[in-house]
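S.K.:
In my numbering, the protein residues as written are 54 to 318.
#1: Rounded C-beta distance between residue 224 and residue 83? I'm assuming under 8 Å.
#2: By Cβ distance, which residues of its chain are closer than 8 Å to residue 203, with the 5 residues on each side in sequence left out?
#3: Select from 295, 194, 115 and 150 the residue whose C-alpha is nearest the C-alpha of residue 175.
#4: Taking the alpha helix (DSSP H) that residue 269 falls in, what are its first and last residues?
#5: CA-CA distance, residue 294 and residue 104?
#6: Using the rule of at least 16 other Cβ atoms within 10 Å of the residue's Cβ for burial, across every protein chain shown, is residue 205 buried or exposed?
#7: How should residue 215 be labelled, buried or exposed, when 16 other C-beta atoms within 10 angstroms of its C-beta is the threshold for buried?
#8: Classify residue 162 as helix, strand or coil using the three-state DSSP reduction.
#9: Starting from residue 94, trace the alpha helix (DSSP H) in both directions and tell me its first and last residue.
#10: Name the residue from 164, 115, 153 and 196 whose alpha carbon lies nearest to the alpha carbon of residue 190.
#11: Just to confirm, are residue 155 and residue 278 a CB contact at a threshold of 8 Å?
#12: Among residues of its own chain, excluding the 5 on either side of residue 298, which ones have a beta-carbon nearer than 7 Å to its beta-carbon?
#13: Closest by CA to residue 166, which one among 227, 185, 248 and 256?
Pasting the structure below:
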């Protein structure tokens, strides 16, 4: 009888090529017809040429934990990196709401005490004001229960809520598919620059986030999206075929194209 994993010898681990110290994660949901339909709608939006009357804007929100220093750290100096004590203080949390228009690099970010329907509605009102000439703002977002028009009606008068709702066209990412939302790329940049550090107060966090967002907006840092509908039908063909057998055609037509490209080189 094979011993439990925790008691495997070094020889057994090598023999079975086990790596108990490693693990992998994934962030993709069940790929069914609903997933594919939403994914292709988002990828279609990303493929469209820039139209200032119908801007594509990516939105999301994330919690930020306010962490203070329990012990003052040691500053960086020549040949010595800064040192941070392992102990810390929890000062609550807040919420960062942000958008990016990938084609132009226009950005908006706000830090709130919480993330309820009210904060969502107030943020969307400010976002709409940034695009006064747009007929519709095509908003890419996830399916959180606050991300819908009811938030407008619970925050503003019916007339104001209706007027604001006419400014938007909502496009929802599939469940467990945050990788399809380009705002996550912006959040990654913010994390590297400030969100991954210990920040003790909401005021300090707001100051740092807004400074970084302003700098990136002034530089008009854009996002070029590479993943297309065509690539999705090839890369995820097994799932496409599981939804509809006719989708095997995308798997078949890929190989001649690849070989032809290889011959041309």
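Beta carbons: idealized from backbone N, C-alpha and C, even for Gly.
Here the structure is a predicted model, which is why all the values come from computation and not from measurement.
M.R.: Taking the geometry as given:
#1: As a working mapping, residue 224 is identified with position 171 in the chain shown. As a working mapping, residue 83 is identified with position 30 in the chain shown. Contact check for residue 224 and residue 83: beta-carbon distance about 20 Å, past the 8 Å limit, so the pair fails to qualify.
#2: Position 150 of the chain shown, counted from the first residue, corresponds to residue 203. The answer, listed in chain order, is 170.
#3: Locating residue 175 in the chain shown gives position 122, counting from the first residue. Ranking 295, 194, 115 and 150 by Cα distance to residue 175 puts 150 first.
#4: The residue labelled residue 269 in the question sits at position 216 within the chain shown. Run containing residue 269: 255-271, per the alpha helix (DSSP H) assignment.
#5: Position 241 of the chain shown, counted from the start, is the residue given in the question as residue 294. Position 51 of the chain shown, counted from the start, is the residue given in the question as residue 104. Cα to Cα, the separation comes out at about 34 Å.
#6: Numbered from 1 along the chain shown, position 152 holds the residue referred to as residue 205. Counting other Cβ atoms within 10 Å of its Cβ, residue 205 reaches 16 or more and is therefore classed as buried.
#7: Working through the chain shown from its first residue, we reach residue 215 at position 162. It counts as exposed.
#8: By 1-based counting over the chain shown, the position of residue 162 is 109. Residue 162: strand per DSSP, three-state reduction.
#9: In the chain shown, the residue the question calls residue 94 occupies position 41. Element bounds for residue 94: 86-100.
#10: Mapped onto the chain shown, residue 190 falls at position 137. When the alpha-carbon of residue 190 is set against those of 164, 115, 153 and 196, the nearest one is in 153.
#11: Taking the chain shown and counting its residues from 1, one reaches residue 155 at position 102. Taking the chain shown and counting its residues from 1, one reaches residue 278 at position 225. Yes, they are a contact pair.
#12: For this step, residue 298 is matched to residue 245 along the chain shown. So the list is empty, once near-sequence residues are dropped.
#13: If you number the chain shown from 1, residue 166 lands on position 113. Residue 256 is the option with its Cα nearest to residue 166.
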